[in-house]
Amino acid sequence: MLTKRWGTLERQRPALRWVKWGEIVGAVLTVGGIVGFGSITLGVLLMVGCGVWGYRILRG
Numbered sequence: 013m014l015t016k017r018w019g020t021l022e023r024q025r026p027a028l029r030w031v032k033w034g035e036i037v038g039a040v041l042t043v044g045g046i047v048g049f050g051s052i053t054l055g056v057l058l059m060v061g062c063g064v065w066g067y068r069i070l071r072g
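Going by my numbering, the first residue of the sequence shown is number 13, and it counts up by one from there.
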């Protein structure tokens, strides 16, 4: 699953939990879009957006 370091980062910066769940939902929507029950575009946008948000949290 996730590393011990990520768990420590989540405790220090609780907003990273939202980033993790956003990435998971984005991945599910993307895969769902490929098989026909989700949205590829929305899933990719959600993953990219959460990735940028997580990067900003970790950098600042």
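Beta carbons: idealized from backbone N, C-alpha and C, even for Gly.
Check                                                                                                                                         : Outcome
Determine the extent of the alpha helix (DSSP H) in which Arg53 is found, giving its start and end residues.                                  : Contrary to the premise, residue 53 reads as Thr rather than Arg in this sequence. Its alpha helix (DSSP H) spans residues Ile52 to Arg71.
Assuming Thr42 and Gly50 make a contact with CB atoms under 8 Å, what is their CB distance in whole Å?                                        : 7 Å
Beta-carbon within less than 7 Å of Val37's beta-carbon, same chain only, minus the 5 sequence neighbours each way: which residues are those? : Leu58
I need the boundaries of the alpha helix (DSSP H) containing Thr15, first residue and last residue.                                           : Run containing Thr15: none; DSSP gives neither H nor E here.
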